[in-house]
Amino acid sequence: MPAVKIGLCQFRVELEKEKNLEKAAKLLKTAAEAGAEMAVLPEMFNCPYDQEYFPVYAEEEGGRTTNLLSRIAREEGLWVVGGSIPEREGEKVYNTCFVYDPAGNRVARHRKLHLFDIDLPGKVTIAESATLTAGEECTLFTAGDCRVGVAICYDLRFPEYARILSLQGADLMVVPAAFSNVTGPAHWEILLRTRAVDNQFYTAGVSSAPNPSLSYLAYGHSMLVDPWGEIKGALGEEEGVLVGTVDPARLEQIRSELPLLAHRRTDLYQLSSCGL
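According to this note's numbering, the sequence shown is numbered sequentially starting from -18.
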């Protein structure tokens, strides 16, 4: 597998969908101009992160947002991991990541598996299940020779899912997210580094930047972590693009020197393949 340059696109989500699409397009093009072969957007990048807005902003596949992602992928010759959007299918709305190859073809669709329902009194309260439906499929796609798993935000907290992706050959797990300014400082970096170490793959966590004018304050701090748990690059709360490298030599080194997956006691415990 050759090295893959990946662009992490972080921006402040606005109330107006059109502004969000303009920002997303601009940062995807910036990533391509910086040499990225793949670029990742944040969770709910076209919509304020608020359960009441999800049905209002929801689109079917083939709508304005997915058409934009497909077009930019084709024009820039870029793998586009489209963060996530509220996707409508029939009467249901999902938190969905669409992935496009450099020809603009949709090659993967990940619907968030674990819905974020929490209540931290006086800090943050959200109930995705009030308006969203959970997905039912694990998601892994191949970009060139790189195997890429997709997890959306809260999916990151479930080690079983990341391990399934690893056992199916993932070299990288992309995590479009919108961790809050409460959960982010406590757990964002820890989780991205832990999943990378546990599964010996790269993790790319891509968050929206905080926007004080919205009801939900995202954490930002998008980062790329290698399989040793080292942070290879990170943003703060600013808008911008972080470009890093998924290095196959680093993957091979760590997997050969510390072959932990080969040491699993499958005679004592097993996971399902999740349909992969």
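Don't be surprised by glycine CBs; every beta carbon is placed ideally from N, CA and C.
Per the DSSP calculation, residue i is bridged to which residue(s)?
i	result
Glu220	According to DSSP, Glu220 bridges with nothing at all.
Pro157	Val187
Thr11	None; Thr11 has no bridge partner.
Asp136	According to DSSP, which records beta bridges pairwise, Asp136 is partnered with nothing at all.
Lys(-14)	Thr226
Lys207	Here the sequence assigns Asp to residue 207, which means Lys is not the residue at that position. BP columns for Asp207 are empty, so no partner.
Ile107	Ile99
Phe81	Going by the sequence as given, residue 81 is Tyr instead of Phe. Note: Tyr81 sits in a beta bridge opposite Val61 and Arg87.
Val21	Leu(-11) and Val62
Arg144	The partner list for Arg144 (beta bridge, DSSP) is empty, contrary to what the question assumes.
Arg246	Paired residues: none, contrary to the question.
DSSP three-state label for residue i, please.
i	result
Tyr75	strand
Phe26	coil
Ala199	strand
Val178	helix
Glu68	strand
Gln(-9)	strand
Glu40	strand
Gly214	strand
Leu172	helix
Label residue i either buried or exposed according to how many other C-beta atoms from any shown protein chain fall within 10 Å of its C-beta, with 16 as the threshold for buried.
i	result
Thr46	buried
Lys(-2)	buried
Tyr135	buried
Ala158	buried
Gly(-12)	buried
Met241	With the sequence shown as reference, residue 241 is identified as Leu, and Met is not the correct amino acid for it. By the neighbour-count rule (16 or more Cβ atoms within 10 Å), Leu241 is not buried but exposed.
Tyr250	exposed
Ser254	exposed
Asp238	Note on residue identity: the sequence assigns Glu, not Asp, to residue 238. So Glu238 counts as exposed.
Gly116	buried
Glu68	buried
Leu173	buried
Asp82	buried
Rounded to whole angstroms, how far is the Cβ of residue i from the Cβ of residue j, which I believe are closer than 8 Å?
i	j	result
Glu220	Gln(-9)	6 Å
Gly201	Leu223	At roughly 11 Å, the Cβ-Cβ gap does not stay under 8 Å, so Gly201 and Leu223 are not in contact.
Gly150	Arg128	5 Å
Val131	Val80	7 Å
Leu59	Leu2	With a Cβ gap of about 16 Å, Leu59 and Leu2 do not count as contacting.
Ile66	Met25	7 Å
Pro208	Arg231	7 Å
Ala185	Val155	5 Å
Gly16	Ala54	Contact doesn't hold; Cβ gap of about 16 Å is too wide.
- Query: Is the number of C-beta pairs between the stretch 187 to 196 and the stretch 226 to 244 that are closer than 8 Å three or more?
  - Reply: At 8 Å Cβ cutoff, the stretches do not touch.
- Query: Does the count of Cβ pairs from the stretch 28 to 39 and the stretch 6 to 17 closer than 8 Å reach three?
  - Reply: No, because fewer than three Cβ pairs between the stretch 28 to 39 and the stretch 6 to 17 fall closer than 8 Å, the two stretches do not touch.
- Query: Is there contact between the stretch 162 to 169 and the stretch 69 to 86, where contact requires at least three CB pairs shorter than 8 Å?
  - Reply: Taking 8 Å as the limit for Cβ pairs, the verdict is that the stretch 69 to 86 does not touch the stretch 162 to 169.
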